[in-house]
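For the sequence shown, the residue numbers in our numbering are 5 to 301. Note that beta-carbon positions come from the ideal geometry of N, C-alpha and C, so glycine has one too. Computed from a predicted model, the values in this text were never measured in an experiment. Below you'll find the structure, written out as structure tokens, and then a few comments.
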Amino acid sequence: MLRKIKKIVAGEEKVDGAGVSLTRVIGKPNVHDFDPFLMLDAFDHKDPEKYTKGFPWHPHRGIETVTYLLEGEIEHGDSLGNSGVIRNGDCQWMTAGSGIIHQEMPQAAPRMLGTQLWVNLPAKDKMTVPKYRDFKNTDLPQINNDDCRVKIIAGQYDGRTGPMEDITVQPTYLDVTVKPGAGFTFETDPHDTLFIYIYSGTLLFKADRDKELPTRVAALFEAGDELHVKGGEKGARFLLFAGKPLKEPIAWGGPIVMNTKDELALAFEEINKGTFIKEHQPDGSVTSSKVHEDYYR
Ligand code: CO
5 MLRKIKKIVA GEEKVDGAGV SLTRVIGKPN VHDFDPFLML DAFDHKDPEK YTKGFPWHPH
65 RGIETVTYLL EGEIEHGDSL GNSGVIRNGD CQWMTAGSGI IHQEMPQAAP RMLGTQLWVN
125 LPAKDKMTVP KYRDFKNTDL PQINNDDCRV KIIAGQYDGR TGPMEDITVQ PTYLDVTVKP
185 GAGFTFETDP HDTLFIYIYS GTLLFKADRD KELPTRVAAL FEAGDELHVK GGEKGARFLL
245 FAGKPLKEPI AWGGPIVMNT KDELALAFEE INKGTFIKEH QPDGSVTSSK VHEDYYR
């Protein structure tokens, strides 16, 4: 059965971090609809004033953050001692797990165009070992045919598999460009959450009598095993996200997302006490690390 549009969201203009303008496409108000996805922020700026103040040191726990940058440059560093640069077509998939403190600082560029997605972690993995994975543009498989170009960040398309594999919710994350009037089909498990975000152009939806959606909106779909879309007059570029819903309680406080209010309160207490960052021992036990005290200041 073809998937029909269930909900269209345009998102809200927000300022976050130390003063970064962004569009919060999905977030707290519609979190249960998009489970296991928590948040999608979109950035598109030509004026560096809108983004270079960045996101200075801040904590995360219980989630994964996925930064995918089409244009521009973001420098990052974290409490594990990692640092690097994400640029032009690269993707960084960070598992915050038991806790990470990091900063994400966009650098001035002719244009900053990209998104950050938050994927929830199930209760059993909320306190897992934190992990960073950086994928260069060239690490991400691309499929080109007469109708479209599909870049795979996670999951599978047309027999190819993206590099991002060891994630509990096994999401699919595709960057799709369809030519004007050309079609794109995607098969899913019928009850997986599926949504898209249109970066540019317009898209027509077969199951909704060719209803046309404009740039910069997200569409969430009803259950079904196939999505069929067609590029509008100028074609379209969109991101596609699919994943199994976790169906667990959500306790969300800023950059930390747990299952219960007590877990959330504990996280903030640990930030205040300087015991937020954990060390994972070989026997599976977890202790608070004092190594990274500097990051709490
Ligand atoms: Co962050």
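Three-state secondary structure (DSSP) of residue i
i: Lys-210; result: helix
i: Glu-275; result: Contrary to the premise, residue 275 reads as Ile rather than Glu in this sequence. Here Ile-275 sits in helix by DSSP.
i: Pro-52; result: helix
i: Pro-33; result: helix
i: Asp-20; result: strand
i: Thr-99; result: strand
Among the options, nearest to residue i - alpha-carbon criterion
i: Val-19; options: His-36, Val-29 and Lys-54; result: Lys-54
i: Thr-219; options: Ile-12, Arg-7, Arg-213 and Lys-8; result: Ile-12
i: Val-35; options: Leu-121, Glu-79, Lys-8 and Ile-105; result: Leu-121
i: Gly-81; options: Val-233, Met-98 and Leu-208; result: Met-98
i: Phe-47; options: Ser-204, Lys-10, Pro-253 and Leu-84; result: Ser-204
i: Ala-211; options: Lys-130, Ile-202, Asp-193 and Lys-234; result: Lys-234
i: Asp-196; options: Asp-39, Glu-17, Glu-16 and Ile-9; result: Asp-39
i: Thr-119; options: Leu-73, Lys-135, Tyr-161 and Glu-252; result: Leu-73
i: Val-180; options: Leu-243, Thr-172, Thr-206 and Tyr-201; result: Leu-243
i: Pro-286; options: Gly-76, Ala-127, Ser-25 and Val-133; result: Val-133
Any non-hydrogen atom of the ligand CO closer than 8 Å to residue i Cβ
i: Thr-172; result: no
i: Phe-41; result: no
i: Glu-108; result: yes
i: Thr-119; result: no
i: Thr-99; result: no
i: Thr-69; result: yes
i: Pro-259; result: yes
i: Phe-280; result: no
i: Phe-47; result: no
i: Phe-209; result: no
i: Phe-190; result: no
i: His-62; result: yes
i: Phe-59; result: yes
Cutoff 6 Å; reference residue i; Cβ partners in own chain excluding five residues on either side
i: Lys-140; result: Asp-94
i: Asp-78; result: The residue asked about is misnamed: residue 78 is Ile in this sequence, not Asp. So the qualifying residues of the chain are Ile-90, Glu-108 and Pro-110.
i: His-62; result: Pro-259
i: Val-70; result: Trp-97 and Leu-121
i: Arg-65; result: Ala-100, Gly-103, Ile-260 and Ala-271
i: Met-131; result: Ser-102
i: Glu-169; result: none
i: Asn-86; result: Tyr-136
Neighbourhood of residue i by C-beta, 8 Å cutoff - its chain only, sequence neighbours within 5 removed
i: Ala-22; result: Lys-57, Gly-58, Phe-59 and Pro-60
i: Pro-175; result: Pro-40, Phe-41, Val-123, Ala-158, Gly-159, Phe-245, Ala-246 and Gly-247
i: Arg-323; result: There is no way to answer for residue 323, as the model of the chain reaches only from 5 to 301.
7 Å Cβ shell around residue i - same chain, five flanking residues per side excluded
i: Glu-267; result: Ala-255
i: Ala-112; result: Pro-52 and Thr-56
ask   = Contact between the region 146-154 and the region 83-93: three or more CB pairs below 8 Å?
value = Contact between the region 146-154 and the region 83-93 is absent, because fewer than three Cβ pairs lie under 8 Å.
ask   = Looking at C-beta atoms only, is the number of pairs between the region 181-194 and the region 219-229 that lie closer than 8 Å three or more?
value = Yes, the region 181-194 touches the region 219-229.
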